[in-house]
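Student: Numbering-wise (my numbering), the sequence shown opens with residue 631 and increments by one.
Cβ coordinates follow ideal geometry from the N, Cα and C atoms, glycine included.
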Amino acid sequence: MENKAVFNQIISDYELARPGYPAELFTDIAEYSLIKKEAKILEIGSGPGQATDYYVKNHYTITGLELGDKQVAYLSKKYAEYPHFQAVCSSFEDFKDEPETYDVIFSATAFHWIKPEIGYPKAYHLLKKNGVMAVFWHLASIIEPKTEMLNQIRNIYRKYAPELDTYITEEEAKNLHHLRISEIGTHRLFEKPVTKVYRWEDGYTTKRYLQLMNSYSDFHALSDAKRQAILDHAAEYIDSKGGKIEVPQEVRLYMAKK
Numbered sequence: 631m632e633n634k635a636v637f638n639q640i641i642s643d644y645e646l647a648r649p650g651y652p653a654e655l656f657t658d659i660a661e662y663s664l665i666k667k668e669a670k671i672l673e674i675g676s677g678p679g680q681a682t683d684y685y686v687k688n689h690y691t692i693t694g695l696e697l698g699d700k701q702v703a704y705l706s707k708k709y710a711e712y713p714h715f716q717a718v719c720s721s722f723e724d725f726k727d728e729p730e731t732y733d734v735i736f737s738a739t740a741f742h743w744i745k746p747e748i749g750y751p752k753a754y755h756l757l758k759k760n761g762v763m764a765v766f767w768h769l770a771s772i773i774e775p776k777t778e779m780l781n782q783i784r785n786i787y788r789k790y791a792p793e794l795d796t797y798i799t800e801e802e803a804k805n806l807h808h809l810r811i812s813e814i815g816t817h818r819l820f821e822k823p824v825t826k827v828y829r830w831e832d833g834y835t836t837k838r839y840l841q842l843m844n845s846y847s848d849f850h851a852l853s854d855a856k857r858q859a860i861l862d863h864a865a866e867y868i869d870s871k872g873g874k875i876e877v878p879q880e881v882r883l884y885m886a887k888k
């Protein structure tokens, strides 16, 4: 697992460089959950608001949980003109609210921080009858690279920080997919989950790709010298290829009704 506390320090790079989520994903959640405008939404791990935007700007009442005080301040300022949004500095485990309060609870590339035997029963407790739990994750950063350029970046990591070369194979990704389905079934509380996959190509300039590298908290476990060496050699390589790099993106969504 990454160091959660680091995200408090890398808000800008996270928002600028992480790939975000396709609009279709949010439409799929809305259609599955049949939420109306008066719906109440809880987000677990809002980050800089990449998945929060849809719900805030479509005027749902949404509470966003974040661990870092700087992230909460950032979200509060970002959505200051939207009175139906509130950011709360709390872990999901410590968060308290009345039972059966929310129509949808969702988490974007964050629910792996929470033990499933704690997270899913608590979400079930907080959801209204027929409410929906939706969790989704980016996979591009954990599955073995599929392009020559990304493999060259991987070789740079291997040279300076082999401990970060922790990609999983396609077969392991399938196993992870089945694990996440089984975790939603903890204590057999939710209905059988519905899953969807979204894929697209994301183009990065050299600068934005370096910001992407800097947005991962495990990168900050390295010494300053190692981080700088990796960034310098990655920049040199991408610039030598025209200053652009394509990243195949993949997001997997899991939805289940109470």
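Per DSSP, Thr691 forms a beta bridge with which residues?
Tutor: Note: Thr691 sits in a beta bridge opposite Lys670.
Student: By a C-beta neighbour count over all protein chains shown, 10 Å radius and 16 as the cutoff for buried, is Trp767 buried or exposed?
Tutor: Buried, since its Cβ has 16 or more Cβ neighbours within 10 Å.
Student: Evaluate Val827 with the Cβ neighbour count: other Cβ atoms within 10 Å of its Cβ, from every protein chain shown; 16 or more gives buried, anything less gives exposed.
Tutor: It counts as exposed.
Student: Might you give, ordered along the chain, the residues of its own chain that have their beta carbon closer than 6 angstroms to the beta carbon of Leu672, omitting 5 neighbours on each side?
Tutor: Taken in chain order, the residues that qualify are Thr693, Tyr732 and Ile735.
Student: CB Phe725 to CB Leu695, shorter than 9 angstroms?
Tutor: For Phe725 and Leu695, yes; Cβs fall inside 9 angstroms.
Student: With DSSP collapsed to three states, give me the class of Phe592.
Tutor: A query on residue 592 cannot be resolved here, the shown segment of the chain reaching from 631 to 888 and no further.
Student: Following the continuous beta strand (DSSP E) through Ala717, name the residue where it begins and the one where it ends.
Tutor: Its beta strand (DSSP E) spans residues Phe715 to Cys719.
Student: For Arg829, count neighbouring Cβ atoms within 10 angstroms of its own Cβ and tell me buried if that reaches 16, exposed if not.
Tutor: Result: exposed.
Student: If we ignore side chains and look at the alpha-carbon of each, how far apart do Thr796 and Lys667 end up?
Tutor: One C-alpha to the other measures close to 42 angstroms.
Student: Hey, which unbroken runs of the alpha helix (DSSP H) at 4 residues or more fall wholly within the stretch 752–832?
Tutor: Qualifying alpha helix (DSSP H) stretches, in chain order: 778–790 and 800–814.
Student: Can you give the beta carbon distance from Ala886 to Pro823, rounded, assuming they're within the 8 angstroms contact cut?
Tutor: Right, their Cβ atoms sit about 4 angstroms apart.
Student: If I measure Cβ to Cβ from Ile786 and keep anything under 8 angstroms in the same chain, skipping five residues before and after, which residues do I get?
Tutor: Excluding sequence neighbours, Ile786 sits near Ile860, His863, Ala864 and Tyr867.
Student: How is Lys887 classed by DSSP in three states: helix, strand or coil?
Tutor: Three-state DSSP puts Lys887 in a strand.
Student: Excluding sequence positions up to five away, which residues of its chain have a Cβ less than 7 angstroms from the Cβ of His689?
Tutor: Closer than 7 angstroms at Cβ, skipping near neighbours: Lys667 and His714.
Student: What is the C-beta distance between Leu697 and Val881, in whole angstroms, given that I count them as a contact (C-beta under 8 angstroms)?
Tutor: Not a contact, Cβ separation roughly 22 angstroms.
Student: Could you round the C-beta distance between Arg838 and Ala681 to whole angstroms and report it? I think they count as a contact, below 8 angstroms.
Tutor: Going by Cβ atoms, the distance from Arg838 to Ala681 rounds to 19 angstroms, so no, they are not a contact pair.
Student: Are the beta-carbon atoms of Ile783 and Pro775 separated by less than 9 angstroms?
Tutor: Yes, these two residues count as a Cβ contact at 9 angstroms.
Student: Taking all protein chains shown into account, do 16 or more other C-beta atoms lie within 10 angstroms of the C-beta of Gly872, making it buried, or fewer, making it exposed?
Tutor: Classification of Gly872: exposed, given that the 10 Å Cβ count is below 16.
Student: Alpha carbons only, please: which of Tyr704, Ala653, Met763 and Asn781 is nearest the one belonging to Val877?
Tutor: Nearest of Tyr704, Ala653, Met763 and Asn781 to Val877, Cα basis: Asn781.
Student: Within this structure, are the beta carbons of Leu819 and Tyr750 separated by less than 9 angstroms?
Tutor: Yes, the Cβ-Cβ distance between Leu819 and Tyr750 is below 9 angstroms.
Student: Rounded to the nearest angstrom, what separates Ile665 and Leu705 at their Cα positions?
Tutor: Going from the Cα of Ile665 to the Cα of Leu705 covers about 23 angstroms.
Student: On the CB-based measure, 16 or more other CB atoms within 10 Å of its CB, does Lys804 come out buried or exposed?
Tutor: Lys804 should be labelled exposed.
Student: With Leu756 and Asp727 assumed to form a contact (beta carbons below 8 angstroms), what rounded beta-carbon distance in angstroms separates them?
Tutor: With 8 angstroms as the limit, Leu756 and Asp727 qualify as a contact, their Cβ atoms being about 6 angstroms apart.
Student: Any idea if Ser870 is buried or exposed, counting beta-carbon neighbours within 10 angstroms, 16 or more meaning buried?
Tutor: So Ser870 counts as exposed.
Student: Are Glu800 and Gln879 touching if we call contact CB-CB under 9 angstroms?
Tutor: Taking 9 angstroms as the Cβ cut-off, Glu800 and Gln879 do not qualify as a contacting pair.
Student: Which same chain residues end up closer than 6 angstroms to Ala753 when comparing Cβ atoms and leaving out the 5 residues on each side of it in sequence?
Tutor: Only Ile735 and Met763 meet the Cβ criterion.
Student: Are Gly677 and Tyr651 closer than 9 angstroms when you measure CB to CB?
Tutor: Cβ distance not < 9 angstroms, so Gly677 and Tyr651 don't count as in contact.
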